[in-house]
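Asker: I have a structure I would like to understand better, so I am pasting it below and will then ask my questions one at a time.
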Amino acid sequence: MKQDTFQFINVPRAEPNKTPLHQRKSEHIEIYQEFTLSQAQQQAERCLDCGNPYCSWKCPLHNYIPRWLTLVAEGQIEAAASLSHQTNPLPEICGRVCPQEKLCEGACTLNDGFGAVTIGHLERFITDAALEGGWKPEPLVTKGMTAGKVAVIGAGPAGLSCAERLARSGVQVRVYDRHPEIGGLLTFGLPSFKLEKDLLVRRRELLEAMGVEFVLNTEVDEAGYQKILSDYDAVFLGLGAQTPLDARLENQQLAGVYQALDYLIASNRDQLGYSEQPAIDLSGQRVLVLGGGDTAMDCVRTAIRQGAVEVRCAYRRDQANMPGSQKEVKHAIEEGAQFLWQRQPLGIECDDKGRLTGVRMAQTELAAPDASGRQSVRQVEGSEHLLEADAVIISFGFIPKLPEFMGQSGLESNAWGGLCLEQGVYPQQSSLAKVFAGGDLTRGADLVVTAVADGLQAAEDIQRFLHQG
Ligand code: SF4
86 MKQDTFQFIN VPRAEPNKTP LHQRKSEHIE IYQEFTLSQA QQQAERCLDC
136 GNPYCSWKCP LHNYIPRWLT LVAEGQIEAA ASLSHQTNPL PEICGRVCPQ
186 EKLCEGACTL NDGFGAVTIG HLERFITDAA LEGGWKPEPL VTKGMTAGKV
236 AVIGAGPAGL SCAERLARSG VQVRVYDRHP EIGGLLTFGL PSFKLEKDLL
286 VRRRELLEAM GVEFVLNTEV DEAGYQKILS DYDAVFLGLG AQTPLDARLE
336 NQQLAGVYQA LDYLIASNRD QLGYSEQPAI DLSGQRVLVL GGGDTAMDCV
386 RTAIRQGAVE VRCAYRRDQA NMPGSQKEVK HAIEEGAQFL WQRQPLGIEC
436 DDKGRLTGVR MAQTELAAPD ASGRQSVRQV EGSEHLLEAD AVIISFGFIP
486 KLPEFMGQSG LESNAWGGLC LEQGVYPQQS SLAKVFAGGD LTRGADLVVT
536 AVADGLQAAE DIQRFLHQG
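Here the sequence shown is numbered in my numbering, starting from 86 and rising by one per residue.
Put into structure tokens, the structure is as follows:
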């Protein structure tokens with residue numbers, strides 16, 4: 086029951102405390118501390134419980150946000166966790182990594198002047214607190230009630246989401262992944278200061294308790310894929326998108342020039358003790374990151390923690406047009422990164438001994454919006470200049486790449502190399518009836534939460550498909 090109708094005025098929006106900056110800049114741990122129960126209740130009570138909750142509409146999972154906020158305000162954390170898990174198999178992850186200002190919080194009625202309800206942190210709080218108290222997600226049906234055996238290839242957010250919903254619905258699920266731990270880029274791409282890795286270990290244990298079987302450290306090759314196709318009633322492909330877009334910059338192969346994901350994965354594997362070789366160490370170096378998305382920000386903030394002497398980020402549009410989350414830019418600026426807006430790289434420069442010296446850049450101006458609605462970019466004549474750097478990280482985005490043998494076995498690729506779903510009867514079904522897919526493999530590089538949504542939809546589609554047979 087709501088205590089104070091004017092809580093949204095009397096109590097300002099607040100986030101949990103952040104770790105002190107000097108500590109933050111040297112540690113690879115999450116920067117936000119947890120809400121206490123009373124802080125969470127105070128913030129949850131700010132919700133107006135609008136008749137038409139725009140936050141839920143804008144959330145790709147259509148989470149029952151006002152309903153779980155009411156339960157938090159009442160102190161019913163386990164009930165809130167059960168409700169939260171009805172629509173989201175990974176709520177503690179989405180609460181941490183979603184760009185809330187573009188999604189649920191951006192659509193909150195209070196965002197217009199009063200400060201949006203702190204939805205992401207509360208979503209994270211609910212699951213963390215409930216699990217710490219011993220709560221576990223309940224099965225949706227009695228185990229073994231649903232016939233069928235499903236293989237999931239790829240333990241990233243789409244695959245985990247699909248596996249969770251199938252297992253909770255009583256379907257037998259086995260998940261294959263090439264990495265030694267689940268999570269895909271959640272574990273090996275995202276830095277620990279955004280998402281600590283013990284959360285994925287905890288999630289794996291919960292999934293195993295539901296009956297999901299993981300086969301890790303296993304690359305599914307052509308023979309393995311054919312065997313999976315014949316052994317299972319349905320297959321879900323959640324292979325992600327990790328092929329970097331070609332920057333087409335002169336000298337981009339020089340030593341000291343790195344692709345963003347190579348840099349982040351090496352850093353995570355090293356911290357997790359999985360690495361055969363040490364992380365790419367940028368301590369003491371002048372680092373220049375090219376790009377304006379969240380992955381670029383992850384590189385910027387990792388380089389700061391490694392002790393780079395200068396970290397700059399160059400992006401060809403202005404701050405308002407950045408594809409990444411503004412909260413990530415804010416964190417990077419707080420931690421000491423410098424941003425160079427409207428700068429376009431023209432080529433990597435080296436000295437006469439072939440050693441990297443920096444990047445030749447040009448100033449840009451923004452022209453009228455193009456067909457996509459974004460302002461196109463024009464190079465300013467005569468503005469060429471050199472930005473000196475000891476290390477350059479290229480972060481221009483990623484595309485999916487369907488393995489060739491999957492294409493040869495009848496799956497269709499789309500225009501950008503991902504898997505095409507246009508031929509399927511169900512939304513996440515491919516041209517091969519028993520093969521379903523979702524996440525970045527079918528959309529191109531997108532958000533964690535949209536991959537989770539695809540995994541849920543695929544689980545629903547697969548169950549319909551199994552019942553048909
Ligand atoms: Fe907001 Fe993401 Fe949670 Fe949906 S899943 S409520 S968009 S933080």
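We put the beta carbon where it would ideally sit given N, CA and C, even for glycine.
1. On the DSSP letters alone, give me the boundaries of the alpha helix (DSSP H) that Glu208 sits inside.
2. Residues around the ligand SF4, please: the condition is that the C-beta lies closer than 6 Å to some non-hydrogen atom of it.
3. Whose CA, out of Thr303, Glu249 and Val394, lies closest to the CA of Val226?
4. What are the uninterrupted segments assigned as alpha helix (DSSP H) that are 4 or more residues long and contained completely in the stretch 275-331, given in chain order?
5. Between which two residues does the alpha helix (DSSP H) harbouring Ile350 extend?
6. Counting Cβ pairs, one atom from each stretch, are 3 or more of them under 8 Å apart for the stretch 388-402 and the stretch 429-449?
7. In whole angstroms, give me the CA-to-CA distance for Thr194 and Ser141.
8. Secondary structure at Ala236, three-state DSSP: helix, strand or coil?
9. Thinking C-beta only, is Ala166 closer than 8 Å to Ala215?
10. Could you tell me whether the stretch 381-394 touches the stretch 355-363, where touching means 3 or more Cβ pairs closer than 8 Å?
11. Do the CB positions of Ile478 and Ala345 come within less than 8 Å of each other?
12. Which parts of the stretch 378-464 are runs of the beta strand (DSSP E), unbroken and 3 residues or longer, counting only runs that do not cross its ends?
13. Could you give the distance in angstroms between the alpha-carbon of Asp525 and the alpha-carbon of Leu324?
14. Please classify Asp213: is it buried, with 16 or more other beta-carbons within 10 angstroms of its beta-carbon, or exposed?
15. Looking only at its own chain, which residues have a Cβ that is under 7 Å from the Cβ of Cys384, when we skip the five neighbours before and after it?
16. Pick out whichever of Cys179, Ser494, Gln508 and Val414 has its Cα sitting closest to the Cα of Leu146.
17. Taking DSSP's pairing of strands, which residues face His552 in a bridge?
18. List in chain order: all unbroken alpha helix (DSSP H) runs of 4+ residues lying wholly within the stretch 453-526.
19. How close, in whole Å, do the beta carbons of Glu100 and His206 come, if the pair is a contact with beta carbons under 8 Å?
20. Please name the residue, chosen from Ile204, Leu291, His264 and Ile267, that lies closest to Arg131 on a Cα-to-Cα basis.
21. Determine the closest residue to Gln508 out of Gly502, Trp501, Ala500 and Ala518, with distance taken between C-alpha atoms.
22. Could you name each continuous alpha helix (DSSP H) segment of 4 residues or more that falls completely within the stretch 143-195, going from the start of the chain to the end?
23. Decide yes or no for the touch test of the stretch 311-319 against the stretch 544-554: beta carbon pairs closer than 8 Å, at least 3 of them.
24. Leaving out five residues before and five after Pro184 in sequence, what residues of the same chain have Cβ atoms less than 6 Å from its Cβ?
25. For the beta strand (DSSP E) that Gln257 lies in, which residues bound it at each end?
26. So, does the stretch 273-284 touch the stretch 299-316, judging by three or more C-beta pairs under 8 Å?
27. Among all the DSSP beta bridges, which residues are the ones paired with Tyr117?
28. Rounded to a whole number of angstroms, what is the C-alpha to C-alpha distance between Leu572 and Asn148?
29. Does the beta-carbon of Ala129 have 16 or more other beta-carbons within 10 angstroms, so that it is buried, or is it exposed?
30. In terms of residue numbering, what span does the alpha helix (DSSP H) encompassing Leu251 cover?
31. Do Ala240 and Val256 have their C-beta atoms closer together than 8 Å?
32. Quick check: Val182 and Leu280, are their CB atoms within less than 8 Å of each other?
33. Within 10 angstroms of the Cβ of His107, are there 16 or more other Cβ atoms? Answer buried if so, exposed if not.
34. Looking only at its chain, what residues have a beta carbon closer than 6 Å to the beta carbon of Gly376, apart from the 5 residues adjacent to it on each side?
35. Name the residue from Pro105, Gly467 and Leu339 whose alpha carbon lies nearest to the alpha carbon of Asp594.
36. Taking 7 Å as the limit between beta carbons, can you name the residues of its chain near Glu413, skipping five residues before and five after?
Answerer: This is what the structure gives:
1. Ile204 to Glu217
2. Cys144, Leu146, Asn148, Ile150, Asn173, Cys179, Gly180, Cys183, Gln185, Leu188, Cys189, Ile204, Gly205, Glu208 and Val534
3. Glu249
4. 283-295 and 307-316
5. Ala345 to Leu357
6. yes
7. 12 Å
8. strand
9. yes
10. no
11. yes
12. 395-400, 423-426, 428-435, 441-454 and 460-464
13. 7 Å
14. buried
15. Ala345, Tyr348, Leu349, Val374, Ile478 and Ser480
16. Cys179
17. In DSSP, His552 forms no bridge with anything.
18. 489-493
19. 6 Å
20. Ile204
21. Ala518
22. 150-158, 162-172, 176-182 and 189-192
23. yes
24. Ser410
25. Gln257 to Tyr261
26. no
27. Lys103
28. In the structure as shown, the chain starts at 86 and stops at 554, and residue 572 therefore has no counterpart that could be examined.
29. buried
30. Pro242 to Arg253
31. no
32. yes
33. exposed
34. Ser480 and Phe481
35. Residue 594 cannot be examined here, being either before or after the span of the chain that is shown, 86 to 554.
36. Asp379 and Met382
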